[in-house]
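In my numbering, the protein residues as written are 4 to 188.
The block underneath contains the structure these notes are about, expressed in structure tokens.
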Ligand code: 5GP
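Structure (structure tokens):
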């Protein structure tokens, strides 16, 4: 397999994450917020973003997975990523969300199925505010009309790894966002 190719460098990521952190700090001035990270992909983004937000804040995490039989990671890479359309909750948050300011932190907004499911679920808890922060956005892949409130970068329909994103659990620790060429599958 050829090496992943850098699409977005660590310097570009740091610059955008700081800008998003400044936006959140301004938008929620004087308020407390809860960062809710979607495991595992958003862990690194949440860790960096939260340190650029100068507000009273706490962390929580949620785990989701797609229903149905997924193809092998190699097949997914070769034929493109596709969700089955149904999302399953693997791990719920640990604290009450009612009346709180929630920032849902996700690695990538792709088909939109995951965040549409999570948004509906969180709104049922009647938070004071619910915002979506996604480091990456692939608008061309959208199946649900959902938009992020804080977006790092819009990218084309490529399979990316690094900065928390994996391929078969590998590459999450790459400091840059890299493209894994599909023909390698
Ligand atoms: P959705 O299609 O529901 O918007 O995104 C579901 C999940 O698919 C994302 O949270 C992410 O874990 C995964 N995903 C989508 N596109 C990519 C990609 O290019 N690379 C990796 N590693 N995961 C992706």
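Where is the CB? At the ideal position from N, CA and C, for every residue including glycine.
For residue i, report the span of its alpha helix (DSSP H) as first-last.
| i | result |
| --- | --- |
| residue 48 | 46-53 |
| residue 116 | 116-126 |
Can you have a look at residue i and say buried or exposed, based on whether 16 or more other CB atoms are within 10 angstroms of its CB?
| i | result |
| --- | --- |
| residue 151 | buried |
| residue 148 | exposed |
| residue 153 | buried |
| residue 130 | buried |
| residue 171 | exposed |
| residue 117 | buried |
| residue 95 | exposed |
Along the chain, where does the beta strand (DSSP E) that runs through residue i open and close?
| i | result |
| --- | --- |
| residue 157 | 153-157 |
| residue 62 | 59-69 |
| residue 149 | Note, residue 149: premise wrong, no beta strand (DSSP E); not H, not E. |
| residue 40 | 35-42 |
| residue 110 | 104-112 |
| residue 136 | 132-140 |
Per DSSP, what kind of secondary structure is residue i in: helix, strand or coil?
| i | result |
| --- | --- |
| residue 56 | coil |
| residue 22 | helix |
| residue 17 | helix |
| residue 97 | coil |
| residue 29 | helix |
| residue 8 | strand |
For residue i, collect the residues of the same chain with a Cβ closer than 6 Å to its Cβ; drop the 5 residues on either side in sequence, then sort them by chain order.
| i | result |
| --- | --- |
| residue 174 | 164 and 165 |
| residue 34 | 104 |
| residue 143 | 160 |
| residue 1 | Given a span of 4 to 188 for the chain in the structure shown, any question on residue 1 remains unanswerable. |
| residue 177 | 165 |
Skipping 5 residues on each side, what residues in its chain have a beta carbon closer than 7 Å to that of residue i?
| i | result |
| --- | --- |
| residue 103 | 37, 130 and 131 |
>> Could you check whether the region 6-13 touches the region 103-112, counting it as contact only if at least three pairs of C-beta atoms, one from each stretch, sit closer than 8 Å?
In response: no
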